[in-house]
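To start, the structure itself, in structure tokens.
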Amino acid sequence: MSYQAEFDLFWEKVKESLTNYNYAKLTLAKTIGDTELKNIYVRPVLNEGVFSLSVTARYKTEEIESFHTIDETYMILLSYMNKPFLTALLFTTENDITFKLNKKRVGTIITQSPTFKNASDVILEMKEKGL
Numbered sequence: 000m001s002y003q004a005e006f007d008l009f010w011e012k013v014k015e016s017l018t019n020y021n022y023a024k025l026t027l028a029k030t031i032g033d034t035e036l037k038n039i040y041v042r043p044v045l046n047e048g049v050f051s052l053s054v055t056a057r058y059k060t061e062e063i064e065s066f067h068t069i070d071e072t073y074m075i076l077l078s079y080m081n082k083p084f085l086t087a088l089l090f091t092t093e094n095d096i097t098f099k100l101n102k103k104r105v106g107t108i109i110t111q112s113p114t115f116k117n118a119s120d121v122i123l124e125m126k127e128k129g130l
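Numbering that gives the first Met the number 0 numbers the first residue of the sequence shown as 0 and each following residue consecutively.
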């Protein structure tokens, strides 16, 4: 995968946003063709004080949610890049970071002004509790 090095850099930004308590949301979007799987959303969750990431796969007719560690989530999302998703969007309170695959499947990272003013509720709770 020629784009994995760029995706790794993108994933470092995801981990930084979690560590710095400014993570708002993460979405995989822009599929190749008409697919059953439409989007994947990643949000942090605390289950009995234990941090994990909720990965919600939205299909045409249903949604399937699963819970994973940061490393497991990385492997899941990487497996969906280029089949069927071309874009991963990380929203933080500092900026929006987009990982894109072009037609030649070369990955690029684009940084833009932030869409969200507040981090996710779970991230704010973690900051408050010092987790």
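The beta carbon of each residue, even a glycine, is placed where N, CA and C say it ideally should be.
Identify the continuous beta strand (DSSP E) that holds T114 and give its terminal residues.
Run containing T114: none; DSSP gives neither H nor E here.
DSSP three-state assignment for E150, whether helix, strand or coil
In the structure as shown, the chain starts at 0 and stops at 130, and residue 150 therefore has no counterpart that could be examined.
When L85, G48, E71 are compared against V54, the one with the closest alpha-carbon:
Proximity to V54 across L85, G48, E71 peaks at E71, based on C-alpha coordinates.
N117 to M125, Cα distance in whole Å?
Taking the straight line from one Cα to the other gives about 14 Å.
Taking the alpha helix (DSSP H) that I69 belongs to, which residues open and close that run?
Run containing I69: 69-79, per the alpha helix (DSSP H) assignment.
Using C-beta distances below 8 Å, list every residue in its chain close to E62, excluding the 5 sequence neighbours before and after it, in chain order.
So the list reads T55, A56, once near-sequence residues are dropped.
L130 by DSSP, collapsed to three states: which one?
DSSP, reduced to helix, strand and coil, places L130 outside both helices and strands of the structure shown, so it counts as coil.
Where does I39 sit, in a helix, a strand or coil, going by DSSP?
The answer is strand: DSSP assigns I39 an E or B state.
Nearest to V44 by alpha carbon, out of T68, L27, E35, D33?
Looking at the Cα atoms, T68 is the closest of the given residues.
Contact between the segment 104-122 and the segment 26-40 (3+ Cβ pairs under 8 Å):
No contact exists between the segment 104-122 and the segment 26-40.
Distance check for M80 and T18, CA to CA, integer angstroms please.
If you take the alpha carbons of T18 and M80, they lie about 24 Å apart.
Cα-Cα, which of L76, S65, A28 is closest to W10?
Per the Cα distances, L76.
Check for me: the alpha helix (DSSP H) holding T30 runs from which residue to which?
Per DSSP, T30 belongs to no alpha helix (DSSP H); it is in the beta strand (DSSP E), 22-30.
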